[in-house]
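Here the structure comes first, spelled out in structure tokens, and everything after it is commentary.
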Amino acid sequence: MMPAGLNWRLFALGSAFFAALTAIFGKVGVSELNSNLASFFRTIVILAVTAAIVTLRGEWQRPESISHKAILFLILSGIATGASWLCYYRALQMAPASRVAPIDKLSVALVIVLAALFLGEKLTLQTVLGGLLVVAGAIVLAL
């Protein structure tokens with residue numbers, strides 16, 4: 779259960795902060811080994827940390843209590859995450875983090891489009907404008 783004072787924005791800001799650290803730490807890490815091996819080590823660390831958190835919070839569930847649909851989409855999400863990381867680390871090996879990260883953040887605009895198409899999320903003027911600004915910012919920073 780989440781404490782009453784916390785909301786999704788705090789976690790979203792945490793995600794942005796840690797994503798920024800990911801770019802910086804990753805850039806240094808991939809300078810001394812190949813990007814695929816770097817992604818493998820990163821995955822092991824994430825697995826260990828996540829398992830520790832789930833254990834400490836007592837959040838393990840019996841496999842039979844999890845729907846097949848949830849498992850399928852989590853597998854697909856894991857495949858997409860792995861592909862993203864492999865591409866991201868390879869890009870970090872090839873270019874400055876300050877140019878790679880903005881292009882990576884084009885995912886924001888892509889999520890807006892895909893969420894509207896596949897999840898039925900409503901496109902508002904604010905959402906479309908924000909997405910276009912993200913695209914414009916990524917273009918300016920990547921050139």
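Adding 778 to a residue's 1-based position in the sequence shown gives its number in this note's numbering.
Yeah, the Cβ is synthetic: ideal placement off N, Cα and C, and Gly gets one too.
The structure displayed is predicted, hence computed values, not measured ones.
V886 is not a Cβ neighbour of V918, given a cutoff of 8 Å. Along the length of the region 860-897, whole beta strand (DSSP E) runs at least 3 residues long do not occur. With fewer than 16 other Cβ atoms inside 10 Å of its own Cβ, G860 counts as exposed. Going by beta carbons, K805 and A894 fall outside the 8 Å limit. When secondary structure is reduced to three states using DSSP, N814 falls in the helix class. A contact is defined here as three or more CB-CB pairs under 8 Å, and the region 864-879 meets this definition with respect to the region 799-814.
Within the same chain, A887, I890 come within 6 Å of G909 by CB-CB distance, once the 5 residues on both sides are set aside.
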